[in-house]
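In what follows, a single structure is set out as structure tokens and then discussed.
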Amino acid sequence: MRIAFTTKGTKWESEMDARFGRTEFFLIYDEEKDEFTEFDNRAIGGEAHGAGPKTAQKLFELQAEVLITGNGPGGNAATVLEKAGMNIYIGAIDITVKQAYDAYKKNELKKI
Amino acid sequence: MKEIVIISGKGGTGKTSFAASLAYLGGSDVVVVDCDVDAADMHLLLKPDFAKSEEFFSGELAVIDQEKCIKCGKCKEVCRFDAIPIINNQYIVDPLSCEGCGYCARVCPVNAITNEDLNVGNWYISNTKINNTLVHAKLGIGADNSGKLVAKVKDEAKKIAVSTNKDYIIVDGSPGIGCPVVSSLSGANFVVLVTEPSASGLHDLKRVYELVKKFHIKAGCIINKADINKDKVEEVKSFLKEENIEYIADFPYDIDFTKAMIKGETIVEYDNGNLKNLVVESWNKIKESVK
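So this is what it looks like as structure tokens:
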């Protein structure tokens, strides 16, 4: 599985970003290859409107199959992600990426 | 550090009165953010000093170079916003109507039109009269609030809260349910919904809660002016129950809210009796809920 995390940094120990549309980074963990890819999303700060759908498009291009985030995407972003067949897990707030991954593995995150 | 956002959906319910009161009670434990930038008024109660000010750019504005313009009129023809009137035989962009879409620049045969970044106002970091930090903004005439501006002031507030080790960020959210509200809610730990027992109060509460639900944020509700319509209060309460929203408190309609406002004070400074106690209790409940 290729798992995308909304994060405030690019390390396993980085803190999760609770936001989806305006997340600072995506960290993608490829479970099969045991490999990380990072994506800097901070340019989204320059967008006045429509951050959610734009970030959803980026996530689609990054070919993630699972999204782990905090509050969850808003209405417009959720529609895009649904069409892309994304599996979305929420509730990863105030923890590190590593802790979020562990919580996901233990089925502790809510699927929406 | 916990982020508490106060929203109402409907205007005039007392959102900012409560947000400012919580800011007052929180004192130096909190960083305050005013995201109601279209009609920012928190500064009237918190008396900030505008210590740090920076320009804010959002969107674009078409500018026509009159030297290059051959007056073909193509730009005026394609403009969907009727933003290019002819004044004194010159094609001029009306800055209030221009949406910065760039269509005119695209069709201009002599490349006389460019889009410039639009300065829509300023944002500030201030010290308030209670000696906490307020991050706020002021928009120019006709300028729009946006998710971008809200994200900006919230980000600045977060940086300050983290670096100075504050326990809470109190956000006076934007009105309505649009982009700025989405941005106000994004990343929050708790939402305080302020409503009033009227048809529109309940309607807008339901509408804004739809949005809160999408972000799966825990919410509590304050019913203001609760004695003006007891039946509606029951309707609001049953909605809260249905949706599992915490009932925080109800407040009577009281002229002291207005008197405090006229004096430029929060209700917790102005009143020393029942109203103040109710706000203090509410603040304690909220703190308990975000633990």
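Protein chains in written order, with the working numbering: chain A, 94 to 205; chain B, 1044 to 1334.
We put the beta carbon where it would ideally sit given N, CA and C, even for glycine.
Exercise for the section: Quick one: grab the DSSP three-state call for Y1211(B). Expected result: strand
Handout entry: Helix, strand or coil at W1009(B) according to DSSP, with G and I counted as helix
Key = Within the shown structure, residues of chain B are numbered from 1044 to 1334, placing residue 1009(B) beyond reach of any answer.
Handout entry: For R1250(B), the three-state DSSP class (helix, strand or coil)
Key = helix
Problem - Three-state secondary structure (DSSP) of C1264(B) - result: strand
Exercise for the section: For I96(A), decide whether its Cβ has a neighbour in chain B, counting only Cβ atoms nearer than 9 Å. Expected result: no
Problem - Within the stretch 1075-1105 of chain B, ranges of the alpha helix (DSSP H) (whole runs, at least 4 residues) - result: 1085-1089
Exercise for the section: Would you kindly report the start and end of the unbroken alpha helix (DSSP H) that includes L152(A)? Expected result: A144 to E154
Handout entry: Integer-rounded CB distance, given that I1049(B) should sit under 8 Å from D1215(B)
Key = 6 Å
Exercise for the section: Could you tell me the distance, in whole angstroms, from the CA atom of A157(A) to the CA atom of Y1211(B)? Expected result: 34 Å
Handout entry: Coarse secondary structure for Q192(A), derived from DSSP in three states
Key = helix
Practice task
Give every residue of the same chain whose Cβ lies closer than 7 Å to the Cβ of L1283(B), excluding the five residues on either side of it in the sequence, and list them in chain order.
Solution key: C1264 and Y1290
Exercise for the section: Could you have a look at C1150(B) and say whether DSSP puts it in helix, strand or coil? Expected result: Contrary to the premise, residue 1150(B) reads as Val rather than Cys in this sequence. In the structure shown, V1150(B) sits in a helix (DSSP, three-state: H, G or I).
Exercise for the section: Indicate the three-state DSSP secondary structure (helix, strand or coil) for L1202(B) in the structure shown. Expected result: Per the sequence presented here, residue 1202(B) reads as Lys, with Leu not at that position. Three-state DSSP puts K1202(B) in a helix.
Practice task
Can you give me the Cβ contacts of A1303(B) inside the same chain, cut-off strictly under 6 Å, excluding the 5 residues immediately before and after it?
Solution key: I1310 and Y1313
Handout entry: Rounded distance between the beta-carbons of Y182(A) and L202(A), thought under 8 Å
Key = 4 Å
Exercise for the section: Could you tell me whether any Cβ in chain A is nearer than 9 Å to the Cβ of H1246(B)? Expected result: no
Practice task
Return yes when the Cβ of K147(A) is within less than 9 Å of the Cβ of E154(A), no when it is not.
Solution key: no
Practice task
Flag this pair as touching only if the stretch 1148-1161 of chain B and the stretch 1056-1063 of chain B have three or more C-beta atom pairs under 8 Å; answer yes or no.
Solution key: no
Problem - Where the beta strand (DSSP E) through L99(A) begins and ends - result: According to the sequence displayed, residue 99(A) carries Thr and not Leu. R95 to T100 is the extent of the beta strand (DSSP E) around T99(A).
Exercise for the section: Determine the contact status of G143(A) and C1151(B), defining contact as a CB-CB distance below 9 Å. Expected result: no
Handout entry: E131(A) versus I121(A): straight-line alpha-carbon distance, rounded
Key = 6 Å
Handout entry: Residues that DSSP places opposite M109(A) in a beta bridge
Key = T100(A)
Exercise for the section: State the beta-bridge partners of D1293(B) as determined by DSSP. Expected result: I1266(B)
Problem - Pairwise C-alpha distance: R112(A) and T1171(B) - result: 29 Å
Practice task
Taking the CB atoms as reference points, tell me whether I1168(B) and I1129(B) lie closer together than 9 Å.
Solution key: no
Handout entry: Residues sharing a beta bridge with K204(A), DSSP
Key = Y182(A)
Practice task
Closer than 8 Å by beta-carbon distance: list the chain A residues that pair up with H1259(B), in chain order.
Solution key: N164, G165, I183, G184, K203 and I205
Exercise for the section: With distances taken Cα to Cα, identify the nearest neighbour of E1097(B) among C1122(B), K1045(B) and L1182(B). Expected result: L1182(B)
Handout entry: C-alpha distance - G163(A) paired with G1145(B), whole-angstrom precision
Key = 36 Å
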